[in-house]
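Novice:
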Amino acid sequence: MQRVKVLVVGAGVVGLSTAVCVAETLPHCSVTVVAEKFSPDTTSDGAAGILLATEFPDIPLERQRRWFKESFDHLLAIADSPQAGDAGVYLSSGYHVFKDVPCDKKPYWADLVFGFRYMTDHEMKRFPNHKFGQAFTTLKCECLSYLPWLEKRFRVAGGQILHEKVTDLHKMALNYDAIMNCSGVGSRFLVNDEKVYPVRGQMLTVNAPWLKKFIRDGDGKTYIYPGVRYVNIGGTRQEGDWRMEVDKEDSEGILERCIRLEPSLRAAQVMGEWVGLRPGRANLRVEREYLSVQGRQVPLVHNYGHGGVGVTLSWGTALDALDLLRQSLYEKPPQARL
Amino acid sequence: MALFHCMIRIGSARYGSARFAFPLRDMKVCIIGAGVIGLSTAQSIYQHFHGRVTPLTIEVYADVFTPLTTSDGAAGLWQPYLYDKGNVQETKWNKETFDYLQSFLSSPDSVKMGIFLQSGYELCTETLPDPSYKDAVLGFRQLTKRELDMFPGYSYGWFNTTIMIEGKTYLPWLMDWLKQRNVKFHQRKIGSFKELADSGADVIINCSGVRSGDLQPDPELKPGRGQIIKVDAPWIKHWICTHDFSSGGNMSYIIPGSRLVTVGGVFQVGNWNLQNSSVDHKRIWEDACKLDPSLQHARIVEDWTGLRPVRSKVRLETETMRSGPRAFEVIHNYGHGGFGLTIHRGCAEEAARLFGQILEQKGLLAHSKSRL
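Line by line, the protein sequences are chains A and B.
The working numbering applies: residue 26 is where the first sequence begins, and numbers increase by one.
The working numbering applies: residue 544 is where the second sequence begins, and numbers increase by one.
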């Protein structure tokens, strides 16, 4: 049987997860990942990678839940294995505190993480500016380790890597039987999706090895996530902001807000600053279309628009994208239908 | 000496109505032992009596100091034994220590003290009654079935957040604190209480831990040998302790510190051997890798052996002794087993209270209304 050539565009957490899913599940596919940026230069590399999610308004909740569950279970198996340290995947417990009581006190993923409960009044005393809190144990997936680990897994499954910036999918489709678009915020230009917009996030890495628990403010703008060696503190959520340069005022704001949440950070040395553009979109896009290329119908599976929940939903959406690809390969393309 | 007395009298006359406690001579307190018990007792005594008893000289005598004490090797997890077996005093002292440490967590000193919060899992092979400390720690709850699924072989357990106190940081912080207040340290092995009494000690505080038997035989005091492996596995952010009463006290645990993860353990009562055992190492390592498979790829840094000062209960009491015609007091504060860091402050405060009683009995502590 002739090998089916699949091209995955994008080498962030979504691209590599999708590529691994295809390469490991469809052995008759020969998979290539093409991207301008690889770890440690992708958006995913700066993400804290804590598994928790906000809801997309128009996607059935059951589907979002399934994405979350599949990603969580996949990562939990890694965390509970000898690979955990290499992959940078491990359990992380902490507090999610809200300045105002949210309408939805219990998110859809509450029963998918471990030990979800509301914080007691005694626990809330530590956060005088906050009125409500959730305590739970979830997973943290550090892409600086996880992406190289995925890449290794991809190569073991026969995957190929191409370092190239893709600007024309039609051109790429000349040489491939199927394309999977995991180009994140780049989809704005690559597929002219005006619904995609950057949500700029700035983050600091600090040396505070005594911090073991995460603290996140429900507004998503202030967080402290203990990483493997350093602690990621942040952040910002600047919509429509394409700036990749570090903003000193943002750094000062982050330090001030995080020290208020966790005073011991005063003693922490700042190791670095980082900026990334979350691929914002009202709703995540996992769907398939076809590219007409020289008389052929080339399936184009989209898997982008994960906003701030890329790591959280990476494996689940990759599995959905895989399903769409599989369907495309086994059913006749639209043009041939009667 | 007469001039000194004269000056004291002049002093009290000058300051009129303030009733001051002036001893007829130096009040010299000598503490034996510079582990967490000795140092924290020195601190409590200073805090309560500096300025109320003048002059008050505090000296610490020990043959080993940080980082070589038993306290330095301990993982530093605040956790009493599951049940206090009626030693309600100990439960009280444990909680007092927790609350005391908790009050420092948001202070600028917390990092220098080596204290921080950490959550973790307590795993049991059978359903057990809630532990004595369930209300002292934070967020205590039972483990859910899904959580227990991560730990095959364990059918029940608890989750909670407790405080870590790392001896290698806490002890230097205590020593600095004491040195800044003129507490003197002497590196010397003390052969007997009499030796210190004869050199001028009025009150001796015996914080000599597992070797207290060298100073005064105590058949109830035994070494509880522990061996640990220090591992570089910084992705581990929770402690895991197992409670399996069928294991003869050798219970597996994984406790991340600020730098390395402490993996243990054994609890060999009566074993004085301070050498690391390769047999123990193998068992500890295999059990821990079963608890957390991610350890298999972790880098082992070093092994360490320490002797817990095990006793049926903590000995915290005053004993009057004689050296020739002279009587002197010894306050014993030893036998804290595997919970020295956990209980230290409560015991230090109690030792200070006992010291206060001695001062009162000697008429050295008037109920002073005001201090200068």
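Glycine residues also receive a C-beta, built at the ideal position from the N, C-alpha and C atoms.
When you compare the CB positions of B:G889 and B:H591, do they come within less than 8 angstroms of one another, or not?
Specialist: Not a contact, by the Cβ cut-off of 8 angstroms.
Novice: Is the region 116–127 of chain A close to the region 155–166 of chain A, with three or more CB pairs under 8 angstroms?
Specialist: Contact between the region 116–127 of chain A and the region 155–166 of chain A is present, because at least three Cβ pairs lie under 8 angstroms.
Novice: Go through the region 183–210 of chain A residue by residue and report every complete run of the beta strand (DSSP E) that reaches 3 residues or more, in order.
Specialist: Entirely contained in the region 183–210 of chain A, the beta strand (DSSP E) runs reaching 3 residues are, in chain order, 185–188 and 203–206.
Novice: Identify, in the order they occur along the chain, each residue of the same chain with its Cβ nearer than 6 angstroms to the Cβ of A:D275, setting aside the five sequence neighbours on each side.
Specialist: Correct list, in chain order: Q227 and T261.
Novice: Cβ atoms of A:V295 and A:L344: under 8 angstroms apart, would you say?
Specialist: The answer is no: Cβ separation not under 8 angstroms.
Novice: Could you tell me how far apart the beta carbons of A:P304 and A:V210 are, in whole angstroms, since I believe they sit closer than 8 angstroms?
Specialist: Right, the Cβ-Cβ distance comes to about 4 angstroms (below 8 angstroms), so this counts as a contact.
Novice: How long is the line joining the alpha carbons of A:G243 and A:R291, rounded to whole angstroms?
Specialist: If I take the Cα positions, the gap works out to 22 angstroms.
Novice: Does the Cβ-Cβ distance between A:Y143 and A:Q89 come in under 8 angstroms?
Specialist: No. Outside cutoff.
Novice: What would DSSP say about B:I551, mapped onto helix, strand or coil?
Specialist: Residue placement at B:I551 is poorly supported in this model, since its pLDDT is 43, which falls under 50; the coordinates still yield a value, given next. B:I551 falls in the helix class under three-state DSSP.
Novice: Got a sec: which bits of the region 278–296 of chain A sit with their beta carbon under 7 angstroms from any beta carbon on chain B, in order along the chain?
Specialist: Answer in chain order: P288, S289, R291 and A292.
Novice: According to DSSP, simplified to helix, strand and coil, what is B:D615?
Specialist: B:D615: helix per DSSP, three-state reduction.
Novice: Could you work out which residue in B:K638, B:A870 and B:Y699 is closest to B:L884 when comparing CA atoms only?
Specialist: Per the Cα distances, B:K638.
Novice: Please indicate yes or no: does the CB of A:N232 lie closer than 7 angstroms to some heavy atom of the ligand SAM?
Specialist: The ligand SAM is absent from the structure shown, which contains no ligand whatsoever.
Novice: For the region 763–781 of chain B, which residues have a CB atom closer than 8 angstroms to at least one CB atom of chain A, in sequence order?
Specialist: Hits within the stretch, in order: A776, P777, W778, I779, K780 and H781.
Novice: One question on the structure: do B:D775 and B:L803 come within less than 8 angstroms of each other, judged by their Cβ atoms?
Specialist: For B:D775 and B:L803, yes; Cβs fall inside 8 angstroms.
Novice: Would you kindly check if the distance between the Cβ of A:P288 and the Cβ of B:S646 is under 8 angstroms?
Specialist: Cβ distance not < 8 angstroms, so B:S646 and A:P288 don't count as in contact.
Novice: If you measure from the beta carbon of B:S735 to each beta carbon in chain A, is any gap under 8 angstroms?
Specialist: Answer no: the Cβ-Cβ gap between B:S735 and chain A never drops below 8 angstroms.
Novice: Please check if any C-beta of chain A sits within less than 8 angstroms of the C-beta of B:Q818.
Specialist: No, because no Cβ of chain A sits closer than 8 angstroms to the Cβ of B:Q818.
Novice: Since B:I886 and B:H879 should fall inside the 8 angstroms C-beta cutoff, what is the C-beta to C-beta distance between them, to a whole number of angstroms?
Specialist: Their Cβ separation, rounded to whole angstroms, is 6 angstroms, which keeps B:I886 and B:H879 in contact under 8 angstroms.
Novice: Contact criterion: CB-CB distance below 8 angstroms. Does B:M693 meet it with respect to chain A?
Specialist: Answer yes: the Cβ-Cβ gap between B:M693 and chain A drops below 8 angstroms somewhere.
Novice: Counting only runs of 4+ residues fully inside the region 790–874 of chain B, write out the alpha helix (DSSP H) ranges in chain order.
Specialist: Here the runs fully enclosed are 821–834.
Novice: With a CB to CB cut of under 7 angstroms and the five nearest residues on each side skipped, what residues in its chain are close to A:R310?
Specialist: These residues qualify, in order along the chain: H327, Y329 and G330.
Novice: Taking Cβ-Cβ distances below 9 angstroms as the criterion, which residues of the region 785–808 of chain B are in contact with chain C?
Specialist: Of the protein chains in the structure, A and B, none is chain C.
Novice: Going along the chain, which residues of its own chain have a beta-carbon closer than 7 angstroms to the beta-carbon of B:S866, five neighbours each way excluded?
Specialist: So the list reads K737, A740 and D741, once near-sequence residues are dropped.
Novice: Quick check: is the beta carbon of A:V318 nearer than 8 angstroms to any beta carbon in chain B?
Specialist: Output row for A:V318: interface = no.
Novice: Using a Cβ cut-off of 7 angstroms, which residues of the region 114–127 of chain A contact any Cβ in chain B, in chain order?
Specialist: Those residues of the region 114–127 of chain A that come within reach of chain B (Cβ to Cβ, closer than 7 angstroms) are Y115, L116, S117 and S118.
Novice: If you reduce the DSSP assignment to three classes, tell me which class A:Q322 lands in.
Specialist: Here A:Q322 sits in strand by DSSP.
Novice: State yes or no: is the beta carbon of B:T705 nearer than 8 angstroms to at least one beta carbon in chain A?
Specialist: Not one chain A Cβ lies under 8 angstroms of B:T705.
Novice: Given that A:S106 touches chain B, what residues does it touch there, using C-beta distances under 8 angstroms?
Specialist: Neighbours of A:S106 on chain B, chain order: P836 and S837.
Novice: Could you pull the start and end residues of the beta strand (DSSP E) that A:T22 belongs to?
Specialist: Residue 22 of chain A falls outside the range modelled here, since chain A spans only 26 to 363, and no answer is possible.
Novice: Closest to B:K825 by CA distance: which of B:T687, B:C750, B:W815 and B:I772 is it?
Specialist: Checked all of B:T687, B:C750, B:W815 and B:I772; the closest Cα to B:K825 is B:I772.
Novice: Across which residues does DSSP place A:W414 in a beta bridge pair?
Specialist: This structure cannot speak to residue 414 of chain A, because chain A is shown only from 26 to 363.
Novice: Judging by CA-CA distance, which residue of A:I84, A:R151 and A:L41 is the nearest neighbour of A:T67?
Specialist: Of A:I84, A:R151 and A:L41, the residue nearest in Cα terms is A:L41.
Novice: Using a Cβ-Cβ cutoff of less than 6 angstroms, which residues in the same chain neighbour B:A744 once the five nearest sequence positions on both sides are dropped?
Specialist: Excluding residues within five positions, the ones whose Cβ falls inside 6 angstroms are K571 and C573.
Novice: For a contact meaning CB atoms closer than 7 angstroms, what does B:H840 contact in chain A?
Specialist: Chain A residues near B:H840: P107, G110 and D111.
Novice: Just to confirm before moving on: does the CB-CB distance between B:S795 and B:A831 stay below 8 angstroms?
Specialist: Going by C-beta atoms, B:S795 is nearer than 8 angstroms to B:A831.
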